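*Asks:* In UniProt numbering, the protein residues as written are 1 to 202. One structure, as structure tokens, below. Some questions next.
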């Protein structure tokens, strides 16, 4: 493969990453795979073997927000984190953790909130929701545990403003063995610090 071809391919990846990031920032798309496919389709690119990675799109998304949404976006993220913290406080007996785009700072106005709970008793959470008259939808969530993927129980509730909150229930062994590999997560104390940092202008 020639250097010129590699250079063109890298430029294509960079442009697609930017276009996908723009779609996510302006169009409310939250799924990386969908955003990159839509960006490729808009460009008329049929080669799906060399699409940008999620990390490349995330970097482009951060750059886009810094350039074009530097005034409005911090408030959007703060409000989502506020709602995440309120939900975590509601569920504090389960010691929930925040994960996903609301934590890493790439969430948009249409983004969902993702929480993790480590427990071997999923019914305890379900009974809590029922006893507090909280409407919920049950489902499953794909978690990467050790070297394989595993479906774990998941519950979806909504905040007072209607933002979906997905609560995945992972086994206790995932916490103690360090086998949960899908990324970082933060407890209530850390989320509170993020909120305070915003108020302090950090």
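C-beta: ideal position from N, C-alpha, C; glycine also. Only a predicted model underlies this, so the values are computations on that prediction, with no experimental measurement involved.
Is DSSP giving residue 86 helix, strand or coil here?
*Replies:* Reduced to three states, the DSSP call for residue 86 is helix.
*Asks:* Buried or exposed for residue 71, please, with buried defined as at least 16 other CB atoms from any protein chain shown within 10 angstroms of its CB.
*Replies:* Exposed is the call here.
*Asks:* Unbroken alpha helix (DSSP H) runs of length 4 or more, entirely within the stretch 72-153: which are they?
*Replies:* Complete alpha helix (DSSP H) runs here, min 4: 73-90, 101-104 and 122-131.
*Asks:* State the DSSP-derived secondary structure class of residue 165, mapped to helix, strand or coil.
*Replies:* Residue 165: strand per DSSP, three-state reduction.
*Asks:* Using a Cβ-Cβ cut-off of 7 Å (strictly less than) and excluding sequence neighbours within five positions of residue 9, which residues of its own chain qualify?
*Replies:* Contacts found: 50.
*Asks:* Can you tell me the Cα-Cα spacing of residue 158 and residue 25, whole angstroms?
*Replies:* Rounded to the nearest angstrom, the two C-alpha atoms are 22 Å apart.
*Asks:* At which residues does the alpha helix (DSSP H) containing residue 41 begin and terminate?
*Replies:* Where residue 41 is concerned, the enclosing alpha helix (DSSP H) stretches over 32-43.
*Asks:* Using CA coordinates, which residue listed in 142, 102 and 18 is at the minimum distance from residue 165?
*Replies:* Of the listed residues, the one whose Cα sits closest to residue 165 is 102.
*Asks:* Kindly indicate the opening and closing residues of the alpha helix (DSSP H) around residue 190.
*Replies:* That run of the alpha helix (DSSP H) goes 188-199.
*Asks:* By Cβ distance below 8 Å, which residues in the same chain neighbour residue 78 in space, the five residues on each side in sequence not counted?
*Replies:* Once the five neighbours on either side are set aside, the close Cβ partners of residue 78 are 195 and 198.
*Asks:* Quick one: Cα of residue 31 to Cα of residue 16, how far?
*Replies:* In a straight line, the C-alpha of residue 31 is about 15 Å away from that of residue 16.
*Asks:* With DSSP run on the structure shown, which of helix, strand or coil describes residue 57?
*Replies:* Note: residue 57 maps to helix in three-state DSSP.
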